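Counted from 1, the sequence shown has number 1083 at position 772 by the working numbering; the numbering is strictly sequential. Here a beta-carbon is modelled for each residue, glycine too, at the ideal position from N, C-alpha and C. Predicted, not measured: the structure shown is a model, and the values here were computed from it.
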Amino acid sequence: MPTFYTILTDVGQAKLANAVALGQTINITELALGDGGGALPTPETDRTALVNEVRRAPINSSIVDPENPSWIVVEQVLPPEVGGWTIREIGIFDADGDLVGYGNYPETYKPVLSEGSSRTQTVRFVMEVSETAAVTLKVDPSVVLATRNYADNIVSEHASRTEGVHGIPPGESAIHTGSRPTTNIDTVNTTGFYICGSSTLGTAPPDGIIGTLLHIERGSSNQSTQIFDTLRSSGQDQALYTRTRDNSGAWTAWAAFSIGGGTAGGDTGVFDFLAAGDGTADANSIPGDPPHWLEVSNNPGDGAAGNQLFRMNSYGDVAYGNNIHSCRYYGDETTPTAIQNGAFLMSWGFRGFDGTALGSSSGAFQCKATEDFAPGAHGTKFQFEVTPNGSTARSKIVEITDSGVGIGVDVEPTWNDNYRVLEIGSKGTAVRSHKSQAEIALHSNAYYDPVGFKYGLSGTAGLIQMDINSDTFFKSAPSGAAGAAVTFKTNMVIKQDGDVLVGTESAQSSHVVQRTVASDVGNKVLTIGNGTAASVFYAVSSGGANTANASLRINKDGTTGRSINAAGTVNASGADYAEYMRKSPSCGEVAKGDVVGINASGELTDRFSEAVSFAIKSTDPSYVGGDIWGSELALGISEPIQPVLESDDLISARESAESQAMADLNATRESIFQQSLDDDATAVELQVALDTYNQAIADALAAFNSSMDIRAAQHGTDMAQYEFDLTNYREALEAERKHWDRVAFSGRVPVNYAGAVSGDYLVPVDDGVGGITVQALKSPDFEQYMRAVGKVVNVEDDGRPTVVVKVV
């Protein structure tokens, strides 16, 4: 085996085999040199790095050896300033950074100029592979050097391809600098660069233009480009013209890139881009068009087919790919100074020709300074301006500041800095959101400054406020003067649990409509309907209603004792009128439709011998009287009230702390600016003030969350007690209910008896075991008639007789 040789590493062999199998390639990009750590190394396939690498750089050239097709020759040129070490090892790396080839190298010292001697040296790496097509060697022309032999080969190859073409003498470069070629330049179809004077054969640029033509030919497919550079002379602007030829052989019209400074067209700008065929540098100079620096124009109709007038492309994952910066200074280029409040950092105007002149901008987009610029103080805002129909006066329609967005109105500058707003149409009409909290509010004629709410204009004000961990408030305020403090009154609250409170903020466990008026004197609380035909709810104070479950519970007027005044009928689906009566202790379960007795104490009994009169238990009452057994007074206990988690006072406290923090920050800023500190000191002071503000905001939020956590824990305890008390109350209510039954005193009631027909009287009798039943009689005697509980009017489908109730 030779002393010096190269091998493919294990990694290189695997990658080559994979590339051959999949029809892919290995990209060789770099060649590295090393000193072997002071000794000549032996190449080994498991190596992944040089013993001691001293230099790595892109390869300069690569070829497949013409005498040995399986050899790849990689070269790197070492310039004079590189060296100071002995070369003993060499390696090549692919685009993944992996060592794919390694070899030892005859010991060669590479000196540098500082040692008194230096030279340019070429290092070659020869590698044998089975498939040279599977290896791609990447050469970066921006960083590599070429050997003399490589350059000579390239020049010789190029000369052999262009020899004798269009007047270029044999052996000379393909770049021709004569006044004209020997044949029509427009018909060139051999790859190369061709330069000639303005007397070119073929289709020249517009008549009278003097300059030089560059023809770039891409091959026999006729895909060509021509660039014509004019010479500045009397009456002629300096410009570049360009056109292209496609594979059909057709040339496009000349397009001009004009550099102003001549007299043609009046010199409207330093640069004019013109996609026009007449070659005039100032093709669209029109009345009202002021001097400008850059113009991009297109021919009429060019845009109709979707042509783009201007485009920027960027690739890769760089965050700022397409950057356009508008930089503004006061002073001059030599001595720039800080810009001041009101300065335009950028103004983008939109103008249109009206048939006579190009007027001032009819629309504009601008970025404007909102304070004098200083280190740590770079406040800006954006604004959009438009012109209404039938006018030429432009007005601001949208303003975007740090406080928020104004549409049709400037953003009120005194809005509390803890909020951002969207003002629409007029001062104080806005959508407001908190900068750090999940809060939003809708304002009508009321803005919120560091002190509190103020009227935007003279008139009434309104507010809808929503906040996380809080309720939604609907508020209004009476008419007030512009700038005066607003005192809102809460009209409605939508609680977190979904309850709706109208006219109150007090915590409830249900929807509430409340009006603060005197009770029991006919004051209206709620009117439903219109005019005199409306239904009205009045303020009353007296209770006493049964607390058993029902669809509706109505209290009464403490003066009149009335609950409902009805101008018409009160309709119900039931068929009898009943009253609650207490059962005697010995009375058992009584079914609906059973005949029951009433003892001497006025209590219900199921024993015939105890009864002094008789009745029927109601089956389907339309109205029930005597319903006092379930009242709090009768039960001796009160129905528990569900606790509600309150947060309004905590929100007010947090907002107050935030407002104070903002006021302190603004005061500190003003004090710093008045001290005229140097830039560094100002920046430090401002940062301290901002840190203090941020800490105060964080403290306010922490205090709010801490208090809410405590209240939430207590609310959980209160809810547990409420559920316990409610269970006890309902058990007491059910226990009392079992002592009472509803007895029919009028109307129609089906009776639990079989065998009667219409017209019969049902007379109570002993059932033979001491209980109560009835017998049906057509013609009862007087005593039987007096004891009868009713007369049968019809028989139900199940055979039960329905009677018109008669209480005896």
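Using CA coordinates, which residue listed in the options is at the minimum distance from residue i?
{"i": "Ser821", "options": "Ser830, Thr827 and Val811", "result": "Val811"}
{"i": "Glu981", "options": "Glu969, Ala968 and Leu1001", "result": "Leu1001"}
{"i": "Ser372", "options": "Val906, Ala360 and Glu386", "result": "Glu386"}
{"i": "Glu682", "options": "Ala649, Ser673, Leu344 and Asn700", "result": "Ala649"}
{"i": "Asn860", "options": "Glu1042, Thr712, Tyr1096 and Gly427", "result": "Glu1042"}
{"i": "Phe764", "options": "Pro354, Asp1010 and Glu966", "result": "Glu966"}
{"i": "Ser744", "options": "Asn756, Lys738, Asn729 and Ser755", "result": "Asn729"}
{"i": "Thr703", "options": "Asp407, Gly670 and Gly345", "result": "Gly670"}
{"i": "Glu921", "options": "Asp938, Glu943 and Ser895", "result": "Ser895"}
{"i": "Phe655", "options": "His689, Gly913 and Asp1092", "result": "His689"}
{"i": "Glu1047", "options": "Gln971, Ala1065, Ala945 and Asp960", "result": "Ala945"}
{"i": "Asn363", "options": "Leu344, Pro369 and Pro354", "result": "Leu344"}
{"i": "Ser399", "options": "Glu355, Phe315, Val804 and Asn1016", "result": "This sequence places Arg at residue 399; Ser is not what is there. Here the closest residue by C-alpha is Phe315."}
{"i": "Thr419", "options": "Gly349, Tyr413 and Leu976", "result": "Gly349"}
{"i": "Cys898", "options": "Gly913, Met1019 and Ser884", "result": "Gly913"}
{"i": "Glu439", "options": "Glu644, Lys1089, Pro380 and Pro417", "result": "Pro380"}
{"i": "Pro417", "options": "Arg366, Pro352, Gln1095 and Arg358", "result": "Pro352"}
{"i": "Thr397", "options": "Asp407, Val434 and Ile403", "result": "Val434"}
{"i": "Ser942", "options": "Ala1024, Gln1025, Glu1045 and Tyr505", "result": "Glu1045"}
{"i": "Glu341", "options": "Gly347, Ala360, Thr356 and Pro354", "result": "Ala360"}
{"i": "Arg358", "options": "Leu389, Arg366 and Asn415", "result": "Asn415"}
{"i": "Ile374", "options": "Ile339, Val365 and Ile506", "result": "Ile339"}
{"i": "Asp407", "options": "Gly794, Val322 and Thr356", "result": "Val322"}
Quick check on DSSP: helix, strand or coil for residue i?
{"i": "Arg639", "result": "coil"}
{"i": "Ser1018", "result": "helix"}
{"i": "Gln651", "result": "coil"}
{"i": "Thr838", "result": "strand"}
{"i": "Val322", "result": "helix"}
{"i": "Phe799", "result": "coil"}
{"i": "Val995", "result": "helix"}
{"i": "Asn1105", "result": "strand"}
{"i": "Phe539", "result": "strand"}
{"i": "Ala1009", "result": "helix"}
{"i": "Val365", "result": "strand"}
{"i": "Tyr1004", "result": "helix"}
{"i": "Met657", "result": "strand"}
{"i": "Gln432", "result": "strand"}
{"i": "Phe315", "result": "coil"}
{"i": "Arg491", "result": "With a pLDDT of 45 at Arg491, under the threshold of 50, the modelled position of that residue is not reliable, and no figure is offered here."}
{"i": "Phe584", "result": "For Phe584, the predicted model reports a pLDDT of 44, less than 50, meaning its position is unreliable; a value from the coordinates is still stated below. Correct three-state label for Phe584: strand."}
{"i": "His1050", "result": "coil"}
{"i": "Arg1041", "result": "helix"}
Since residue i contacts residue j with CB under 8 Å, what's their CB separation in whole angstroms?
{"i": "Pro1075", "j": "Glu1107", "result": "Their Cβ separation, rounded to whole angstroms, is 20 Å, which puts Pro1075 and Glu1107 out of contact at 8 Å."}
{"i": "Leu837", "j": "Phe848", "result": "4 Å"}
{"i": "Asp887", "j": "Ser933", "result": "7 Å"}
{"i": "Glu1121", "j": "Asp782", "result": "The structure shown has nothing for residue 1121, since the chain only spans 312 to 1119."}
{"i": "Asn652", "j": "Ala680", "result": "6 Å"}
{"i": "Val1054", "j": "Ser929", "result": "6 Å"}
Tell me which same chain residues have a C-beta within less than 8 Å of the C-beta of residue i, skipping the five on either side of it?
{"i": "Phe708", "result": "Looking at the sequence provided, one finds Ile at residue 708 rather than Phe. Hits under 8 Å: Phe695, Glu696, Val697, Ile718 and Gly719."}
{"i": "Lys326", "result": "Ile337, Asp405, Asp409 and Val411"}
{"i": "Asp376", "result": "Trp382, Ile383, Val384 and Val437"}
{"i": "Val797", "result": "Ala757, Gly763, Phe764, Lys765, Tyr766, Ala772, Ala788 and Gly791"}
{"i": "Ile983", "result": "Thr993, Glu996, Leu997 and Ala1000"}
{"i": "Arg1111", "result": "Gly904, Pro1061, Val1062, Asn1063, Tyr1064 and Ala1065"}
{"i": "Gly1101", "result": "Ile927, Val1060, Val1062, Tyr1072, Leu1073, Val1114, Val1115, Val1116 and Lys1117"}
{"i": "Val423", "result": "Pro391, Glu392, Val393, Gly394, Gly395 and Ser429"}
Going by beta carbon distance, what residues of the same chain come within less than 7 Å of residue i, once the five residues before and after it are set aside?
{"i": "Val1068", "result": "Val1103 and Val1106"}
{"i": "Asn633", "result": "Met623 and Ser625"}
{"i": "Gly770", "result": "Asn756 and Ser790"}
{"i": "Asp451", "result": "Residue confidence for Asp451 is low, a pLDDT of 43 falling below 50, so the modelled location carries little weight and cannot support an answer."}
{"i": "Pro1091", "result": "Tyr1072, Val1074 and Ala1099"}
{"i": "Asp831", "result": "Val851, Ser852, Asp868, Gly869 and Thr870"}
Under 6 Å Cβ to Cβ from residue i, same chain only, skipping five residues before and after it: list those, please.
{"i": "Ala994", "result": "Pro686 and Gly687"}
{"i": "Phe1015", "result": "Leu961 and Arg965"}
{"i": "Gln324", "result": "none"}
{"i": "Trp562", "result": "Arg554 and Arg556"}
Say the cut is 8 Å; is the CB of residue i nearer than that to a heavy atom of the ligand MG?
{"i": "Asp887", "result": "Because no ligand of any kind appears in the structure shown, any question about the ligand MG cannot be addressed here."}
(request) Inspect the CB distances between the region 885 to 892 and the region 860 to 871 and report whether three or more fall short of 8 Å. (result) no
(message) Closer than 8 Å is the cut-off here; do at least three beta carbon pairs connect the region 948 to 964 with the region 1022 to 1042?
(response) yes
(message) Would you call the region 850 to 859 in contact with the region 939 to 951, where contact means no fewer than 3 C-beta pairs closer than 8 Å?
(response) yes
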